[in-house]
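Asker:
Numbering (this note's numbering), first residue to last: 455 to 1075.
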């Protein structure tokens, strides 16, 4: 019995254990299922979150793109429906920028429909009233070149307006100017007429022919022209004569000119103010006086700009040196113990500072005449004037010589024993010249040639003969032998050239006044177009300093007609095409070079043969 009871107990304990093990397995399975379920939920939630994040990023990117598009559309300006109303044939930006009603020069806008100038664009301004009265809605600012629509008052930016902006304010790069120097450029106006930029007609505003020929003359002087074409006008500065002149030269060389002609009205208004009405519209003047006045203004302006550039360069170099010194000091303080490394690093820093200096100096290749005064570069001639001394001056010179002999008696006796006879003779000649003559070196910009007086009485056979004279006859004034009276002095003097300029200007005075009337000398000067040699008029001591002595004619100002009814004209050589043009105000005609020789010349401009088409000197000439 006991055994059976014990067996039953064992069976029951086994069953309980099996049940417990089964329950544990079930619990483990259940727990594992729950864990797997939780993990799958987590992964699903994480993927959902990631998807939501991606969708949010996509929405943000779309919003950013929309904001960018809105900003771009704002910057581009609205599309104006009134662009078709613009009339380019009526546009003229050559006149002074003044309101046609208030005559104010502040915030002036031009109507692109009728071409009139008005002040302001806000409510109640003259431009606003004009837009409502005449239904002209498109205007352009004459300073900033911004176009706007009135009365809605929004900015218009359209590619079709670029030609108008370039017509208002043409801008040139260095590459364009260099291309213009060597290559001919043709332009076409709105009416289909062809014109040559640089040889454009200028409007005569009543007796302003003397001004027009000088403007054309300045265009032929290559360095002056290039500097004025690249001149940048800052909007904050008030306009002066040089700024207005540069704008005029830019318009003359504009191949996209709507009219093919230019009016110098704004320039002449500035000239009248600067010259205190010595040169003004409506009065006749001598072109030589006007030319000298203009180049004097350019000379002063270039001097000021060069001084400013030097100050700015010095200031920049000082800053760079200070920065490099600070860096070196910091390195030395941090690396006191390591002498070798510090010395190497100091050398490295010095090299860096030198590299910085070189980096500042390394710029685009500039023309030689950009670094110096442009007028001194073009007209840097010098004369040697030898004049006879008066009796009072001779006595003073003798007294000073005697004093020098008394003070230097011993040395003079010692030198006499050592010197040769030839040297003594040369010294005596030099002393004689010093006693009798005063020698001066004077810079010049123009050389004046005096015409011989025309014959008073003419025979019947000579009545139709025009008097002529060779230019070499007139140049004998500078041979060092012929005596001339300078500066209204009673003592004669001789003249020779010590330095030849790059651009040589001859002036011929044709008009003389007496007590009753003004008389014109119609003598024709037989000059040379090519290979004018000035070697015979250079002082012997300065021949080596002037290796190139030959010149070519590039411009010739002449007077045609009578004293009262005549006018000034100009012959101009277009150097890229090597063709001659005769310009009389608005009329431009191509002529043969032989016809240039028949004119009554007043001012002749010669260019030295070693000058290249970009204005620089050819070193291999």
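We treat Cβ as the ideally placed atom computed from N, Cα and C, and that holds for glycine.
Quick one: what does DSSP say residue 824 is sitting in, helix, strand or coil?
Answerer: Taking the first residue of the chain shown as 1, we reach residue 824 at position 370. In this structure, residue 824 counts as helix in the three-state DSSP scheme.
Asker: Assign residue 615 to one of three DSSP states: helix, strand, or coil.
Answerer: Counting from one through the chain shown, the residue named residue 615 turns up at place 161. Helix at residue 615.
Asker: Hey, residue 1006 and residue 984 are a contact pair by Cβ (cut 8 angstroms); roughly how many whole angstroms apart?
Answerer: As a working note, residue 1006 is residue 552 in the chain shown. As a working note, residue 984 is residue 530 in the chain shown. Right, their Cβ atoms sit about 5 angstroms apart.
Asker: Which complete alpha helix (DSSP H) runs does the stretch 710 to 752 hold, if anything under 4 residues is left out?
Answerer: Taking only runs of at least 4 residues, the alpha helix (DSSP H) segments lying wholly in the stretch 710 to 752 are 719 to 728.
Asker: Cβ atoms of residue 1054 and residue 976: under 8 angstroms apart, would you say?
Answerer: As a first step, residue 976 is located in the chain shown; it is residue number 522 there, counting from the start. As a first step, residue 1054 is located in the chain shown; it is residue number 600 there, counting from the start. Yes. Within cutoff.
Asker: Give the straight-line distance between the Cα atoms of residue 559 and residue 551, rounded to the nearest whole angstrom.
Answerer: Position 105 of the chain shown, counted from the start, is the residue given in the question as residue 559. Position 97 of the chain shown, counted from the start, is the residue given in the question as residue 551. Those two C-alpha atoms are separated by around 6 angstroms.
Asker: From residue 1038 to residue 1011, what does the alpha carbon distance come to, in whole angstroms?
Answerer: Taking the chain shown and counting its residues from 1, one reaches residue 1038 at position 584. Taking the chain shown and counting its residues from 1, one reaches residue 1011 at position 557. One C-alpha to the other measures close to 10 angstroms.
Asker: Could you tell me whether the stretch 933 to 943 touches the stretch 1042 to 1054, using the rule of 3 or more Cβ pairs below 8 angstroms?
Answerer: Counting Cβ pairs under 8 angstroms, fewer than three are found: no touch.
Asker: Considering only the alpha carbon of each residue, which of 1033, 1063, 1062, 952 lies closest to residue 652?
Answerer: Numbered from 1 along the chain shown, position 198 holds the residue referred to as residue 652. The shortest C-alpha separation from residue 652 is found at 1033.
Asker: Which two residues bound the contiguous beta strand (DSSP E) that contains residue 565?
Answerer: For the purposes of this step, residue 565 is taken as the residue at position 111 of the chain shown. Here the beta strand (DSSP E) through residue 565 covers 562 to 565.
Asker: Does the Cβ of residue 636 have 16 or more other Cβ atoms within 10 Å, making it buried, or fewer, making it exposed?
Answerer: Residue mapping note: residue 636 aligns to position 182 of the chain shown, counting from 1. Classification of residue 636: exposed, given that the 10 Å Cβ count is below 16.
Asker: Just how far apart, CA to CA, sit residue 761 and residue 755?
Answerer: Mapped onto the chain shown, residue 761 falls at position 307. Mapped onto the chain shown, residue 755 falls at position 301. In a straight line, the C-alpha of residue 761 is about 10 angstroms away from that of residue 755.
Asker: Under a three-way DSSP split, which group does residue 572 fall into?
Answerer: Along the chain shown, one-based indexing puts residue 572 at 118. Residue 572 falls in the strand class under three-state DSSP.
Asker: Alpha carbon to alpha carbon, what distance is there between residue 834 and residue 899?
Answerer: Along the chain shown, one-based indexing puts residue 899 at 445. Along the chain shown, one-based indexing puts residue 834 at 380. Rounded to the nearest angstrom, the two C-alpha atoms are 7 angstroms apart.
Asker: Within a Cβ cutoff of 7 angstroms, which residues of the same chain sit near residue 567, ignoring the five residues on either side of it in sequence?
Answerer: In the chain shown, residue 567 corresponds to position 113, counting from 1. The residues are 539, 540, 541, 590, 592.
Asker: How is residue 892 classed by DSSP in three states: helix, strand or coil?
Answerer: Within the chain shown, numbered from 1, the residue matching residue 892 stands at position 438. Here residue 892 sits in strand by DSSP.
Asker: Any idea if residue 618 is buried or exposed, counting beta-carbon neighbours within 10 angstroms, 16 or more meaning buried?
Answerer: For this step, residue 618 is matched to residue 164 along the chain shown. Counting Cβ neighbours within 10 Å, residue 618 comes out buried, since at least 16 surround it.
Asker: Shortest alpha-carbon distance to residue 841 belongs to which of 996, 945, 740, 546?
Answerer: The residue given as residue 841 occupies position 387 in the chain shown. With distances taken between Cα atoms, residue 841 lies closest to 945.
Asker: From residue 1072 to residue 1063, what distance separates their C-alpha atoms?
Answerer: Locating residue 1072 in the chain shown gives position 618, counting from the first residue. Locating residue 1063 in the chain shown gives position 609, counting from the first residue. When rounded, the distance between both Cα atoms is 9 angstroms.
Asker: Can you tell me where the beta strand (DSSP E) with residue 965 in it begins and where it stops?
Answerer: Taking the first residue of the chain shown as 1, we reach residue 965 at position 511. Counting along the chain, the beta strand (DSSP E) containing residue 965 begins and ends at 965 to 967.
Asker: Spell out the partners DSSP gives residue 546 in its beta bridges.
Answerer: One-based indexing of the chain shown puts residue 546 at position 92. Looking at the DSSP assignment, residue 546 forms no beta bridge with any residue, so it has no partner.
Asker: Whole-angstrom Cβ separation of residue 599 and residue 570, contact assumed at under 8 angstroms?
Answerer: Mapped onto the chain shown, residue 599 falls at position 145. Mapped onto the chain shown, residue 570 falls at position 116. In fact, because the Cβ distance is near 18 angstroms, the residues do not count as touching under 8 angstroms.
Asker: Among the residues of its own chain, which have a CB less than 7 angstroms from the CB of residue 699, if the five just before and after it don't count?
Answerer: Start at 1 with the first residue of the chain shown, and residue 699 comes out as number 245. Here the set comprises 682, 721.
Asker: For residue 1037, which three-state DSSP category applies?
Answerer: For the purposes of this step, residue 1037 is taken as the residue at position 583 of the chain shown. Strand, per DSSP.
Asker: Considering only their Cβ atoms, is the gap separating residue 962 from residue 1056 smaller than 8 angstroms?
Answerer: On the chain shown, residue 1056 is found 602 positions in, with the first residue counted as 1. On the chain shown, residue 962 is found 508 positions in, with the first residue counted as 1. In this structure, residue 962 lies closer than 8 angstroms to residue 1056 by Cβ.
Asker: Can you name, in chain order, every residue of its own chain whose Cβ lies under 6 angstroms from the Cβ of residue 973, other than the five neighbours on each side?
Answerer: Position 519 of the chain shown, counted from the start, is the residue given in the question as residue 973. The answer, listed in chain order, is 966.
Asker: Exposed or buried, which one is residue 1031 when buried takes at least 16 other CB atoms within 10 Å?
Answerer: Along the chain shown, one-based indexing puts residue 1031 at 577. Residue 1031 should be labelled exposed.
Asker: Have a look at 668, 626, 533, 586 and flag the residue whose alpha-carbon is nearest the alpha-carbon of residue 612.
Answerer: Against the chain shown, residue 612 aligns to sequence position 158. When each option's Cα is compared against that of residue 612, the closest is 533.
Asker: Taking Cβ positions, are residue 1000 and residue 924 nearer each other than 8 angstroms?
Answerer: Here residue 1000 refers to the residue found at position 546 of the chain shown. Here residue 924 refers to the residue found at position 470 of the chain shown. Their beta carbons are not under 8 angstroms apart, which means residue 1000 does not touch residue 924 by this criterion.
Asker: With a threshold of 16 other CB atoms inside 10 Å of the CB of residue 707, please say whether the residue is buried or exposed.
Answerer: Taking the first residue of the chain shown as 1, we reach residue 707 at position 253. Residue 707 should be labelled buried.
Asker: Grouping DSSP H, G and I as helix and E and B as strand, with all else coil, what is residue 1017?
Answerer: Along the chain shown, read from residue 1 onward, the residue named residue 1017 stands at position 563. Here residue 1017 sits in coil by DSSP.
Asker: Determine the direct distance from the alpha carbon of residue 751 to that of residue 758, and round the result to whole angstroms.
Answerer: Start at 1 with the first residue of the chain shown, and residue 758 comes out as number 304. Start at 1 with the first residue of the chain shown, and residue 751 comes out as number 297. Those two C-alpha atoms are separated by around 11 angstroms.
Asker: Buried or exposed, going by whether 16 or more other CB atoms sit within 10 Å of the CB of residue 666?
Answerer: Looking up residue 666 in the chain shown gives position 212. Buried, since its Cβ has 16 or more Cβ neighbours within 10 Å.
Asker: Identify the continuous alpha helix (DSSP H) that holds residue 588 and give its terminal residues.
Answerer: Within the chain shown, the letter at position 134 stands for residue 588. 580 to 588 is the span of the alpha helix (DSSP H), which, as asked, contains residue 588.
Asker: If you reduce the DSSP assignment to three classes, tell me which class residue 1062 lands in.
Answerer: If you number the chain shown from 1, residue 1062 lands on position 608. Correct three-state label for residue 1062: strand.
Asker: Quick one: residues in its chain with C-beta nearer than 8 angstroms to the C-beta of residue 1060, no 5 flanking neighbours on either side, listed in chain order?
Answerer: As a first step, residue 1060 must be located in the chain shown, where it is residue number 606. For residue 1060, where only same-chain residues beyond five positions count, the Cβ hits under 8 angstroms are 957, 958, 959, 960, 986, 1005, 1006, 1007, 1008.
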